[in-house]
Amino acid sequence: MSKTVRLELVGLPDTDEDELRWLSSQLRRSLFELDVVDVRLARSASGVPSGAKSSEVIAAGTVVVTAAPFILRQVLQLADTWLKNRPVRGIKVELDRHMIELSGASVVERERLIDAFLAHRESADTDETDTEQPKP
Numbered sequence: 422m423s424k425t426v427r428l429e430l431v432g433l434p435d436t437d438e439d440e441l442r443w444l445s446s447q448l449r450r451s452l453f454e455l456d457v458v459d460v461r462l463a464r465s466a467s468g469v470p471s472g473a474k475s476s477e478v479i480a481a482g483t484v485v486v487t488a489a490p491f492i493l494r495q496v497l498q499l500a501d502t503w504l505k506n507r508p509v510r511g512i513k514v515e516l517d518r519h520m521i522e523l524s525g526a527s528v529v530e531r532e533r534l535i536d537a538f539l540a541h542r543e544s545a546d547t548d549e550t551d552t553e554q555p556k557p
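Going by this note's numbering, the letters in the sequence shown line up with residues 422 to 557, in that order.
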């Protein structure tokens, strides 16, 4: 069973959409080095501008990763490492409608945040599995 995590780059005040698209493409290429099922640039939830040639618009700075649950820690660690020395303020991480932001905290604090976030998600998955009734 795969999980989908959404990574949204949080730009600096002077970061424009083209730069966010370029940075998200870089992050996407790095994530493909992991054993993930899929890595896509996210589609925008807003409407398509009139006169646009494509029926879908890429959401600037957002990458959607589909991976086995045990790979998610590697995905978040790679994103956290990738974040260093990039012209962005942080990365918002969304998994199962829960969100954290990897940003200005120390390395140790971000590691703890990732550990706590994934531990919470793993316990929620275990609870859901435990409450399922066996099929006859």
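In this text, a Cβ means the ideal position worked out from N, Cα and C, and glycines have one as well.
For residue i, I'd like the list of residues in its chain whose CB is within less than 6 Å of its CB, leaving aside the five on either flank, ordered along the chain.
i	result
ILE535	LEU497
VAL458	SER423, THR487, ALA488
LEU448	VAL484, TRP503
ALA481	GLU438, LEU441, ARG442
Quick one: what does DSSP say residue i is sitting in, helix, strand or coil?
i	result
ASP437	coil
GLU522	strand
ARG507	coil
Measuring CA to CA, which of the options is closest to residue i?
i	options	result
LEU462	GLU543, LEU430, LEU455	LEU430
ARG494	THR436, ALA480, GLY511, GLU532	GLU532
ARG450	ASP435, LEU499, LYS505	LEU499
For residue i, which residues in the same chain have their Cβ closer than 8 Å to its Cβ, ignoring the five residues on either side in sequence?
i	result
THR483	ARG427, LEU428, GLU429, LEU430, SER445, LEU462, ALA463
ALA526	LEU534
For residue i, which residues of its own chain have a beta-carbon under 7 Å away from its beta-carbon, when the five flanking residues on both sides are left out?
i	result
LYS406	The structure shown does not extend to residue 406, since the chain is modelled only from 422 through 557, so no value can be given for it.
Does the beta-carbon of residue i have 16 or more other beta-carbons within 10 angstroms, so that it is buried, or is it exposed?
i	result
SER475	Unreliable positioning characterises SER475 in this predicted model, as indicated by a pLDDT of 46, which lies under 50. The coordinate reading is nonetheless provided below. Under this definition SER475 is an exposed residue.
VAL460	buried
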